[in-house]
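The next block holds one structure in the form of structure tokens; read it before the comments.
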Amino acid sequence: MSRRVLIPTYYYPPYGTVGIFRISKFIKYLPEFGWEPYVVTVRPEFHEGSESVQQFEAVHNSVERTIRTDVPLNTISKGAKHVFNSEPLHKNLNYALWLPKLYRTCVQAVDDLDIDVVLSSGGPFLPLVVLPLLQQKTGTPYVVDLRDPWTTEFQNIDRSPNPIRKLLAETAEPRVLKNASSVITVTNILKQQYSSRYPSISSSIDVIYNGYDPEDHADTGNVTRSDSTFEIVYPGSWYSKKHAEPFFSALSSVGEKRDIKLSHYGRRKDWVETLIQKYNLEEIVEQNGYCSRSDVFSGIESADAGLVISRNNNAVSTKTFDFMGADTPILGVCEDSGELSSVLSHAEHEYTASKNDTVAIERMLSRIYNEKPSSLQMNVDKFNVEKQSKTLSRILDSCRI
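If you use the numbering used here, the sequence shown corresponds to residues 1 to 401, in order.
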């Protein structure tokens, strides 16, 4: 018998952020396990300032059951953006202005569609605050999927957090999580952090990593790797100069003696150009800018290695799983005891180095250049998003009243 899950999400194809891939893939595969997903989101015109549609053209939107709403008083957030010249303020105001409409729409959907469970993924986190209110009104259980840390984010950033944002998070998070039937995190370390913060719900916290969809790599065609140049690919945004500079320094040293190329797909940043010039990498680093998803996947499959630089010890970038899907060897520049290091330790040939240790990164680059592995040589089956959707289905089943 089919069950129904309601999924409130601000971002959804055709526009959004990289975070839409996780929820979109779950929506794609949940019907295989007897779940009918219904999505509540905003109309595309309210995604102003989000990533280009070109980045998400390959997202499989297999659900026609999508309820799109407006964002009331959207002119307020537009005015604030103009006055304060702040895109983050604009987005956060839009999230807040959407809450009343989101709540009313979800209440109506639960009643009209006979919804069994509500599933919502964050961030953005502000829309999650409607979940306990919705549960109180309708009695419908809900599951929270934390793609990123919420309050624990403030433990992992180098700068001082915005005090208002921190206060709102610390006020909302306990109520949202403690009333959830299940909480899902994307890493074991994040689960440990939340289990420590909320011992009463530790038994209801599960881990579902981000994953790869084999179908994303099915249409890339026959790609070949260069016999001469050793190509490293880095898709996505560079997080910070502090984390990237040790790698650029090591690449400069190793690249002087070896035929190595670094191909970047994503937004160009001024400080990256500065590092390229500082370390004389103009002939080594190729910046391709934004490309279609299919072009990025082709670049990943033709590369000799994929680069991941971790932001903090509890994060595993989604590009890690794109590399897994392509069976591309992975270079992990990360914390020695972090989640990325733990995940990559299962590869037969592990290529990791501390992200602040330039000498260790040089050794890692030299080693993979000399060994030239033809594949990742790692059992990545548990990161297949279709199988992860089966796990999610079991969690949703356990939450039904």
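All residues carry an ideal CB built from backbone N, CA and C; glycine is no exception. A quick note: this is a predicted structure, and the numbers were derived from the prediction, not measured.
Within its chain, find whatever has a CB closer than 6 Å to the CB of residue i; leave out the 5 residues flanking it on each side and keep chain order.
| i | result |
| --- | --- |
| Val296 | Pro235, Tyr265 |
| Leu6 | Tyr38, Ala109, Ile115, Val118 |
| Asp148 | Gly123 |
| Lys137 | Val107 |
| Glu286 | Ser263 |
| Leu307 | Ile232, Tyr234, Leu331 |
| Phe323 | Gly306, Ile330 |
| Ser354 | Asp336, Ala360 |
Going by other Cβ atoms of all chains shown within 10 Å of its Cβ, with 16 needed for buried, is residue i buried or exposed?
| i | result |
| --- | --- |
| Asn280 | exposed |
| Asp336 | exposed |
| Ser196 | exposed |
| Ser375 | exposed |
| Lys261 | buried |
| Ala326 | buried |
| Ile164 | exposed |
| Ala218 | exposed |
| Asn94 | buried |
| Thr171 | exposed |
| Gly289 | exposed |
| Gly139 | exposed |
CB-CB under 7 Å to residue i, same chain, minus the five flanking residues each way: which ones, in chain order?
| i | result |
| --- | --- |
| Leu177 | Val144, Val183, Tyr198, Ile201 |
| Phe84 | At Phe84 the pLDDT is 49, less than 50, meaning the model places this residue with poor confidence; the figure from the coordinates comes in the next sentence. For Phe84, where only same-chain residues beyond five positions count, there are no Cβ hits under 7 Å. |
| Trp238 | Ala244, Lys269, Val272 |
| Cys402 | In the structure as shown, the chain begins at 1 and stops at 401. Residue 402 is therefore absent and cannot be evaluated. |
Which same chain residues, not among the five before or five after residue i, have their C-beta less than 8 Å away from its C-beta?
| i | result |
| --- | --- |
| Gly34 | Met1, Ser2, Arg3, Ser393 |
| Leu275 | Lys241, Ala244, Glu245, Phe248, Leu281 |
| Glu371 | His349 |
| Ser120 | Ile7, Pro8, Thr9, Pro127, Leu128, Leu131, Tyr142, Val143, Val144, Asp145 |
| Ser181 | Val117, Pro141, Tyr142, Val143, Ser204, Ser398, Cys399 |
| Leu99 | Leu126, Pro127, Val129, Val130 |
| Tyr351 | Ala305, Pro329, Ile330, Leu331, Gly332, Leu344, Met364, Arg367, Ile368 |
| Asp259 | Ser228, Thr229, Phe230 |
By the DSSP assignment, the alpha helix (DSSP H) with residue i in it spans what residues?
| i | result |
| --- | --- |
| Trp271 | 270-278 |
| Glu353 | Position check: residue 353 holds Ala in this sequence, whereas Glu was assumed. Run containing Ala353: none in the alpha helix (DSSP H); it sits in the beta strand (DSSP E), 352-354. |
| Ser182 | Ser182 -> not in any alpha helix (DSSP H); beta strand (DSSP E) instead, spanning 182-185. |
| Tyr194 | 188-197 |
| Arg394 | 385-399 |
| Ser294 | 293-302 |
| Ile205 | Where Ile205 is concerned, there is no enclosing alpha helix (DSSP H), although the beta strand (DSSP E) it sits in stretches over 205-207. |
| Arg68 | Note, Arg68: premise wrong, no alpha helix (DSSP H); beta strand (DSSP E) at 66-69. |
| Leu30 | Premise fails: Leu30 is in no alpha helix (DSSP H) and is neither H nor E. |
| Ile368 | 358-371 |
| Asp381 | Careful: Asp381 lies outside any alpha helix (DSSP H) and carries neither H nor E. |
In whole angstroms, give me the CA-to-CA distance for residue i and residue j.
| i | j | result |
| --- | --- | --- |
| Lys166 | Val129 | 15 Å |
| Ser298 | Phe383 | 20 Å |
| Pro373 | Thr105 | 52 Å |
| Gly19 | Leu113 | 26 Å |
| Ser253 | Asp213 | 36 Å |
| Leu102 | Arg363 | 52 Å |
| Val385 | Asn210 | 8 Å |
| Phe46 | Val316 | 29 Å |
| Gln135 | Ser204 | 17 Å |
| Thr66 | Leu30 | 15 Å |
| Pro13 | Phe230 | 35 Å |
| Pro44 | Tyr11 | 9 Å |
| Leu418 | Glu339 | Only positions 1 to 401 of the chain appear in the structure, and residue 418 is not among them; the question remains open. |
| Leu251 | Ser345 | 23 Å |
| Met378 | Ser341 | 14 Å |
| Gln192 | Glu173 | 16 Å |
| Tyr15 | Lys278 | 36 Å |
| Ser302 | Lys257 | 23 Å |
| Val40 | Asp111 | 14 Å |
| Ser310 | Ser228 | 29 Å |
| Trp150 | Val380 | 28 Å |
| Glu57 | Arg293 | Its pLDDT being 46, under 50, Glu57 is placed unreliably in this model, and the value from its coordinates should be taken loosely. Computed Cα separation, rounded: 7 Å. |
| Cys334 | Ile300 | 20 Å |
| Asn314 | Asp206 | 15 Å |
| Asp216 | Asn162 | 37 Å |
| Asn179 | Thr320 | 32 Å |
| Glu32 | Asn92 | 35 Å |
In terms of residues, what are the limits of the beta strand (DSSP E) holding residue i?
| i | result |
| --- | --- |
| Ala172 | Per DSSP, Ala172 belongs to no beta strand (DSSP E); it is in the alpha helix (DSSP H), 163-178. |
| Tyr234 | 230-235 |
| Leu126 | Where Leu126 is concerned, there is no enclosing beta strand (DSSP E), given that its DSSP letter is neither H nor E. |
| Gly306 | 305-309 |
| Arg4 | 3-8 |
| Lys261 | 260-265 |
| Gly332 | 330-334 |
| Glu286 | 285-287 |
Looking at the C-beta of residue i, does it have a partner C-beta in chain B at a distance below 8 Å?
| i | result |
| --- | --- |
| Ile7 | The question asks about chain B, but that chain is absent: this structure has only one protein chain. |
Would you say residue i touches the ligand ZN, meaning its beta carbon is less than 7 Å from a heavy atom?
| i | result |
| --- | --- |
| Tyr265 | Ligands displayed in this structure: none; no statement on the ligand ZN is therefore possible. |
Contact between the stretch 350-360 and the stretch 182-191 is defined here as three or more beta-carbon pairs at a separation below 8 Å; is this criterion met?
no
Measuring CB atoms only, is the stretch 379-394 touching the stretch 19-26, in the sense that at least three cross pairs come out at less than 8 Å?
yes
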